[in-house]
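Encoded as structure tokens, the structure appears first; notes follow it.
Numbering (the working numbering), first residue to last: 3 to 206.
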């Protein structure tokens with residue numbers, strides 16, 4: 003069974019530039035791609051690059067053995083779709099989540115192989131969640147016991163992959179705190195610490 007990972011920056015308009023933010027001397031995108039390529043179960047990594055960032059993305063991951071496809075996520079998938087067996091696993095990964103542990107990626111892949119059409123890594127909601135009204139006044143407290151924060155990669159069985167749909171009804175596996183989206187100065191400081199830490203098999 004083939005496993006293809008598609009890295010995307012489709013969440014916000016500024017994500018393309020954010021993916022080029024230096025962390026420990028290399029672009030965040032470089033860490034993301036290198037980590038995915040280091041998971042033996044993954045056969046191919048593609049990066050869906052906004053047209054304005056295609057050249058910079060290619061430079062950031064040059065020599066890593068990854069393909070950059072200028073354009074949308076749908077266009078990137080169309081490049082490899084004809085080559086994929088019908089029992090393939092497709093992983094959709096946020097370029098700004100550079101340090102997810104390899105075991106979490108494997109857990110997603112294995113859950114798809116075990117029969118789940120769509121799988122996402124999640125973390126329990128730790129903060130207290132308040133409900134406000136139109137005037138921004140607190141009117142209640144949300145029960146957080148069933149709330150989860152979603153991470154990536156989202157894993158899809160080939161027939162279930164829909165690049166334009168949210169993974170409602172997806173199965174879940176345990177996520178990891180290291181899989182944060184790196185967007186703020188605080189998160190960048192955490193990313194620097196993770197990137198500088200001694201490498202082992204469990205960390206991308």
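Glycine included, every Cβ here is placed at the ideal spot set by N, Cα and C. Because the structure is a prediction, the values reported are computed rather than measured.
For residue i and residue j, what's the separation of their Cα atoms in angstroms?
i: residue 55; j: residue 73; result: 10 Å
i: residue 115; j: residue 91; result: 8 Å
i: residue 106; j: residue 141; result: 37 Å
i: residue 51; j: residue 71; result: 6 Å
i: residue 154; j: residue 128; result: 18 Å
i: residue 120; j: residue 172; result: 5 Å
i: residue 126; j: residue 83; result: 34 Å
i: residue 203; j: residue 178; result: Residue placement at residue 203 cannot be trusted, given a pLDDT of 47 that sits under 50; what the coordinates show is reported in the next sentence. One C-alpha to the other measures close to 15 Å.
i: residue 192; j: residue 100; result: 12 Å
i: residue 174; j: residue 181; result: 15 Å
i: residue 78; j: residue 49; result: 7 Å
Provide the residue(s) that pair with residue i in DSSP beta bridges, ordered along the chain.
i: residue 196; result: Looking at the DSSP assignment, residue 196 forms no beta bridge with any residue, so it has no partner.
i: residue 181; result: Per DSSP, none; premise fails for residue 181.
i: residue 69; result: 48
i: residue 125; result: 151
i: residue 159; result: 91
Helix, strand or coil for residue i? Go by DSSP, reduced to three states.
i: residue 21; result: coil
i: residue 141; result: strand
i: residue 99; result: coil
i: residue 170; result: coil
i: residue 136; result: coil
Provide the residue span of the beta strand (DSSP E) that contains residue i, from first to last.
i: residue 95; result: 91 to 96
i: residue 9; result: 5 to 10
What residue range does the alpha helix (DSSP H) around residue i cover?
i: residue 104; result: 104 to 115
i: residue 32; result: 30 to 39
i: residue 207; result: This structure does not reach residue 207, given that the chain is present from 3 up to 206, and the question cannot be answered.
i: residue 61; result: 56 to 62
Is residue i close to chain B, meaning its C-beta is less than 9 Å from at least one C-beta of that chain?
i: residue 161; result: Among the chains of the structure shown, chain B does not appear; only one protein chain is present.
TODO: Flag this pair as touching only if the segment 132 to 139 and the segment 55 to 64 have three or more C-beta atom pairs under 8 Å; answer yes or no.
DONE: no
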